[in-house]
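First up is the structure itself, then whatever we jot down about it.
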Amino acid sequence: MRIAVPNKGRLHEPTIDLLERAGLHLENGADRKLYADTVDPDVSVLFARAADIPEYVADGAADLGITGYDQVCEARVDNVEELLDLEFGRCRLVLAAPEDGALETVADMAGKTVATEFPNITADFFADTGVDPDIVEVTGATELTPHVEMADAIVDITSTGTTLKMNRLAVVDDVLSSSVRLFGRDDVLENPKVEEVRTALASVKQAEGKRYLMMNVPTAKLDDVRNVIPGLGGPTVMNIAGEDDGDDAAVAVHAVVNERDVFETITEVKNAGASDILVTEIERLVE
Ligand SMILES: Nc1ncnc2c1ncn2[C@@H]1O[C@H](COP(=O)(O)OP(=O)(O)OP(=O)(O)O)[C@@H](O)[C@H]1O
Ligand SMILES: O=P(O)(O)OC[C@H]1O[C@H](OP(=O)(O)OP(=O)(O)O)[C@H](O)[C@@H]1O
Ligand SMILES: [Mg+2]
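Following full-length UniProt numbering, the numbering of the sequence shown begins with 1 at its first residue and continues without gaps.
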């Protein structure tokens, strides 16, 4: 099973980080190598440009791919299926035009020129609106094209909006929302490895924003403590070795809680009688 991942750019680091956290540690993958092995002898990694990954998966150079939804749409591949939204690399593709110009609506684009790195997505967008501008494909610095008379407007990626602002461009309309996705070629989806990889990546997402809480609680206070734990599901209660039964005896209580609730929960369980409270990070959570 081979997974194609971005070789550089802003998606490279977070993707490698996610694989590592999912337990798919990379080996022999020194900088600038095309392939890397992972600790799982059945899983290897192919490094490719974010824009090339959908085609690599569709053509069989890799079986699974991790890249932006925008790239998957642009590649117009019809034999791949999305398996998981990895929820990073969030951005929007927008139609934008010079701030103080006359182009303020999609209809204003009739007879105009629109520059983009995403000609297919742009063509589909305009096909749906019935407006038919000329679409010019560029390979970068799209935001400059309206200022050098190459184009009247652009379709490009924005997230914070800084780049559009710097280039005095204003959003005319939304074209597509994107985030990074795991996807696979149709003919490998039955392979159990696919579900293993999907589950491993999903478990990292599941664990994000969650903490593991452990504490000791006198048996007599157990109900009070239980009542203030906002756990995902009930807490786990365990006997402590060497403790006698009876109201003075303590039990160990473990629970998964949302990170934002931890501060308040600690105060509440302490007031309810818990002691020796430990908070730890969770690497993975398989539900
Ligand atoms: N500003 C942004 N915020 C969030 N996600 C982004 C942003 N820009 C790009 N992306 C996402 O990252 C993907 C790859 O963009 P990136 O800029 O890393 O690569 P690239 O410029 O295509 O790479 P290359 O240098 O190989 O041409 C995009 O397709 C999009 O899904
Ligand atoms: O709304 P913003 O936060 O400003 O982000 C938008 C910019 O981010 C991307 O470029 P990137 O930084 O990847 O540079 P690149 O042109 O080298 O790909 C994209 O092509 C935009 O130019
Ligand atoms: Mg870029």
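Ideal placement from N, C-alpha and C gives every residue a C-beta, glycine not left out.
Check: Own chain, CB closer than 6 angstroms to residue 22, minus 5 neighbours either side, in chain order; Outcome: 200, 201 and 204
Check: Contiguous alpha helix (DSSP H) assignments of at least 4 residues, all confined to the UniProt domain "ATP phosphoribosyltransferase catalytic" (49-201); Outcome: 53-59, 69-75, 119-129 and 162-166
Check: Status (buried if at least 16 other CB within 10 Å, exposed otherwise) for residue 286; Outcome: exposed
Check: Sequence-distant residues of its chain with Cβ nearer than 6 angstroms to residue 164 (five each side left out); Outcome: 96 and 158
Check: Classification of residue 240 by the beta-carbon crowding that lies within 10 angstroms, buried from 16 upward; Outcome: exposed
Check: First through last residue of the beta strand (DSSP E) which encompasses residue 277; Outcome: 275-281
Check: Short Cβ contact (8 angstroms threshold) for residue 268 with residue 217; Outcome: no
Check: For residue 218, three-class secondary structure by DSSP; Outcome: strand
Check: Beta-carbon gap between residue 45 and residue 29 smaller than 8 angstroms; Outcome: yes
Check: Nearest-angstrom Cβ-Cβ length linking residue 4 and residue 80, presumed shorter than 8 angstroms; Outcome: About 11 angstroms separates the two Cβ atoms, so there is no contact after all.
Check: Contact check, residue 65 vs residue 179, beta carbons under 8 angstroms; Outcome: no
Check: Closer than 7 angstroms: residue 65 CB and nearest ligand 1 heavy atom; Outcome: no
Check: The stretch 212-226 contacting the stretch 249-268, beta-carbon criterion three pairs below 8 angstroms; Outcome: yes
Check: Between the CA atoms of residue 129 and residue 139 - distance to the nearest angstrom; Outcome: 25 angstroms
Check: Candidates 52, 32, 154 and 210, of which the one nearest residue 115 by Cα; Outcome: 154
Check: Cross-strand partners of residue 236 (DSSP beta bridge); Outcome: 254
Check: Residues near residue 67 by beta carbon distance below 7 angstroms, same chain, minus five either side; Outcome: 6, 11, 50, 53, 54 and 180
Check: Reduced DSSP secondary structure (H/G/I, E/B, other) of residue 37; Outcome: strand
Check: Exposed unless 16 or more other CB atoms sit within 10 angstroms - verdict on residue 190; Outcome: exposed
Check: Residue(s) in a DSSP beta bridge with residue 27; Outcome: 37
Check: Contact check, residue 117 vs residue 145, beta carbons under 8 angstroms; Outcome: no
Check: Which of helix, strand or coil DSSP assigns to residue 8; Outcome: coil
Check: Simplified DSSP state of residue 229, which is helix, strand or coil; Outcome: coil
Check: Member of 40, 62, 13 and 35 whose CA lies at the smallest distance from the CA of residue 24; Outcome: 40
Check: Contact set for residue 274: own chain, Cβ-Cβ below 6 angstroms, skip 5 residues either direction; Outcome: 215, 217 and 225
Check: Residue 269 (DSSP reduced to helix, strand or coil); Outcome: helix
Check: Beta-carbon contacts of residue 265 that lie in its chain and below 8 angstroms, excluding the five residues immediately before and after; Outcome: 213, 228, 229, 230 and 257
Check: Chain-order list of residues whose beta-carbon lies under 7 angstroms from that of residue 272 (same chain, five-residue window excluded); Outcome: 221, 224, 225 and 228
Check: Beta-carbon proximity check, residue 152 vs residue 103, cutoff 8 angstroms; Outcome: yes
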